[in-house]
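Engineer: 0 is the number of the first residue of the sequence shown in numbering that gives the first Met the number 0; add one for each residue after it.
All C-beta atoms in this analysis are idealised placements derived from N, C-alpha and C, irrespective of residue type, glycine included.
Source: prediction; values computed, not measured.
Structure in structure tokens, see below.
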Amino acid sequence: MRVLQATLLTAVVVVIGICAVLWHRHSTQQSAPHNDCFVVESLRTQWSSMQRSVAQLGNGEGETRDLLHIADQEAAMSDRIKTAAASVSVPAIKEQLTKWADGAALSAKAQHGASTLSASDTGDADMMRAARLTYDATAALAKVCPALGQANP
């Protein structure tokens, strides 16, 4: 009888240990993406605000100072996204945030180039590439962080 009790007690302890390990794995895997998604969703809000500001400037006369201000806003947003990429723990999110930041930086560069009289034809190609980087990155992020997909930047 004591052998049976000892065996049952050992089995219960093993099962509790396995459950604790599985629960710990599950909770740590869920918290990192949740925290990372919070960062991504915060960026979406900032990006949307920047876009509204840029749209207002774009509806103006298109003066050089407006174009430079747009470029400055996009460059600042790129810096915020790069900083956020360094703070997340999931490599796939980090990679997509980096692509998004690269797209914003390239767009800022093209906007800055458009503000000069010597703007070249590469500005349009850069803008297209920037738009593709931004779209692809935010679409990939929306798959990982579903709340982002509610309003794709």
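Can Ala-124 and Glu-73 be called in contact, C-beta distance under 8 Å?
Structural biologist: Position 125 of the sequence shown holds residue 124. Position 74 of the sequence shown holds residue 73. Not in contact: Ala-124 and Glu-73 (Cβ atoms no closer than 8 Å).
Engineer: Can you grab the Cα-Cα spacing for the pair Val-89 / His-33, in whole Å?
Structural biologist: Here residue 89 refers to the residue found at position 90 when the sequence shown is read from its first residue. Here residue 33 refers to the residue found at position 34 when the sequence shown is read from its first residue. Computed Cα separation, rounded: 10 Å.
Engineer: Roughly how many angstroms separate the alpha carbons of His-23 and His-68, rounded to a whole number?
Structural biologist: The residue you call residue 23 lines up with position 24 of the sequence shown. The residue you call residue 68 lines up with position 69 of the sequence shown. Because the pLDDT at His-23 is just 38, under 50, the model does not fix this residue reliably, and the value given afterwards should be weighed accordingly. When rounded, the distance between both Cα atoms is 48 Å.
Engineer: Taking the Cβ atom as the reference point for each residue, do Ala-91 and Val-53 lie within a distance shorter than 8 Å?
Structural biologist: For the purposes of this step, residue 91 is identified with residue 92 of the sequence shown, where counting begins at 1. For the purposes of this step, residue 53 is identified with residue 54 of the sequence shown, where counting begins at 1. Not in contact: Ala-91 and Val-53 (Cβ atoms no closer than 8 Å).
Engineer: Report the option in Ala-130, Leu-96, Ala-139 whose CA atom is closest to the CA atom of Ala-109.
Structural biologist: In the sequence shown, residue 109 corresponds to position 110, counting from 1. Checking every option, the nearest Cα to that of Ala-109 belongs to Ala-130.
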